[in-house]
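Here the sequence shown stands for residues 35 to 260, numbered as in the working numbering. Using N, Cα and C, we set each Cβ at its ideal position, and we do this for glycine too. Have a look at the structure below, then the notes.
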Amino acid sequence: MAYHKRIKKKVVSLRKKGGTYAEIQKAVKVPISKGTLSHWCRDIKLPGWYEQKMRVLILDNLARARTYAAATNRTRRVAYMQIIRQRNAALASALYNPDIAKIALALLYITEGSSKTRGVITFGNSSPFIISLFLRLLRNCYTIDEMKFRCTIQCRADQNIGSLELFWSNITLIPLTLFYKARIDPRTIGKPSKKPDYKGVCRINYFSADILLELQEIPKIIHLGP
Numbered sequence: 035m036a037y038h039k040r041i042k043k044k045v046v047s048l049r050k051k052g053g054t055y056a057e058i059q060k061a062v063k064v065p066i067s068k069g070t071l072s073h074w075c076r077d078i079k080l081p082g083w084y085e086q087k088m089r090v091l092i093l094d095n096l097a098r099a100r101t102y103a104a105a106t107n108r109t110r111r112v113a114y115m116q117i118i119r120q121r122n123a124a125l126a127s128a129l130y131n132p133d134i135a136k137i138a139l140a141l142l143y144i145t146e147g148s149s150k151t152r153g154v155i156t157f158g159n160s161s162p163f164i165i166s167l168f169l170r171l172l173r174n175c176y177t178i179d180e181m182k183f184r185c186t187i188q189c190r191a192d193q194n195i196g197s198l199e200l201f202w203s204n205i206t207l208i209p210l211t212l213f214y215k216a217r218i219d220p221r222t223i224g225k226p227s228k229k230p231d232y233k234g235v236c237r238i239n240y241f242s243a244d245i246l247l248e249l250q251e252i253p254k255i256i257h258l259g260p
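This is the structure in structure tokens:
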């Protein structure tokens, strides 16, 4: 394809000023292949700062590519998680079966609950989701005396105890009057918290030796089989 001399002259001028081929293509507003541009500009000495400019452009392009890839991966993950939810949606209604719910509760307790206490269920976690799930299952599986609950917050020295107790009271539906005195980790004194969303550990106590023994025995029964 023949190009007007004016176009070639402009290309050469822009290249001497340190323009990239992409910038030149955009500036001349004429479809010229990079091979043609390279041929026209083969003898041009580029400015001393051009190499640094290219490094910056390459890093910028890599950053944009990573951002795009991350966004693409997030979109794919959202779609994938939706498929998983749809595939397992029926499991939610399975918990209306008290035997299945009790199995779920016992397995949750054996992994996160304390096995060293006697006569009292002790369950602690920093996740509001895990705490809420445990209490929901416990309340659904058994006839619960709400006054037998006790709650203790284990936190860092620089955290607001009142705010944490109110937060966990809302999660657990256990009134503040049933909260024990919060326990502060002495190792954190003088050390600022690095995770602003951290709400400490919520430890739940429920006084019932009968329920405790049942939760401890159910996993053994499942393991041994009928």
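Exposed or buried, what is Thr186 when buried is set at 16 or more other beta-carbons lying within 10 Å of its beta-carbon?
-> Translated into positions along the sequence shown, residue 186 becomes position 152. So Thr186 ends up on the buried side.
Which two residues bound the contiguous beta strand (DSSP E) that contains Phe183?
-> The residue you call residue 183 lines up with position 149 of the sequence shown. Looking at the DSSP string, the run of the beta strand (DSSP E) that includes Phe183 is 183-189.
Run of the beta strand (DSSP E) containing Asn159, from where it starts to where it stops | Within the sequence shown, the letter at position 125 stands for residue 159. Segment 155-159, the beta strand (DSSP E) holding Asn159.
Is the segment 166-179 close to the segment 134-142, with three or more CB pairs under 8 Å?
-> yes
From this set, Lys79, Tyr84, Arg40, which residue's C-alpha is nearest Lys63's C-alpha?
-> Along the sequence shown, read from residue 1 onward, the residue named residue 63 stands at position 29. For Lys63, the nearest C-alpha among the options comes from Arg40.
How would you write the range of the alpha helix (DSSP H) that Cys175 sits in, first residue to last?
-> To locate residue 175, count along the sequence shown from 1; it is residue 141. Note, Cys175: alpha helix (DSSP H), 162-175.
Hey, could you find the ends of the alpha helix (DSSP H) Ile117 is sitting in?
-> Locating residue 117 in the sequence shown gives position 83, counting from the first residue. Here the alpha helix (DSSP H) through Ile117 covers 84-122.
Per the contact definition of three or more C-beta pairs closer than 8 Å, is the segment 77-87 in contact with the segment 43-62?
-> yes
For the beta strand (DSSP E) that contains Asn131, what are its first and last residues?
-> For the purposes of this step, residue 131 is identified with residue 97 of the sequence shown, where counting begins at 1. Taken as a continuous stretch (DSSP letters only), Asn131 belongs to no beta strand (DSSP E), as it is neither H nor E.
Validate contact between the segment 143-161 and the segment 239-258 using beta carbons, cut 8 Å, 3 pairs | yes
Quick one: residues in its chain with C-beta nearer than 8 Å to the C-beta of Leu122, no 5 flanking neighbours on either side, listed in chain order?
-> To locate residue 122, count along the sequence shown from 1; it is residue 88. Sequence check: residue 122 is Asn here, not Leu. Cβ neighbours of Asn122 beyond the five flanking positions: none.
Between Leu71 and the rest of its own chain, which residues show a CB-CB distance below 8 Å, the 5 nearest in sequence each way excluded?
-> Within the sequence shown, residue 71 is the residue found at index 37, counting from 1. These residues qualify, in order along the chain: Val45, Arg49, Tyr55, Ile58, Gln59.
Going by the CB atoms, is the gap between Phe213 and Lys233 shorter than 8 Å?
-> What you label residue 233 is simply residue 199 of the sequence shown in a count that begins at 1. What you label residue 213 is simply residue 179 of the sequence shown in a count that begins at 1. Against a cut-off of 8 Å, the Cβ pair of Phe213 and Lys233 comes out as no contact.
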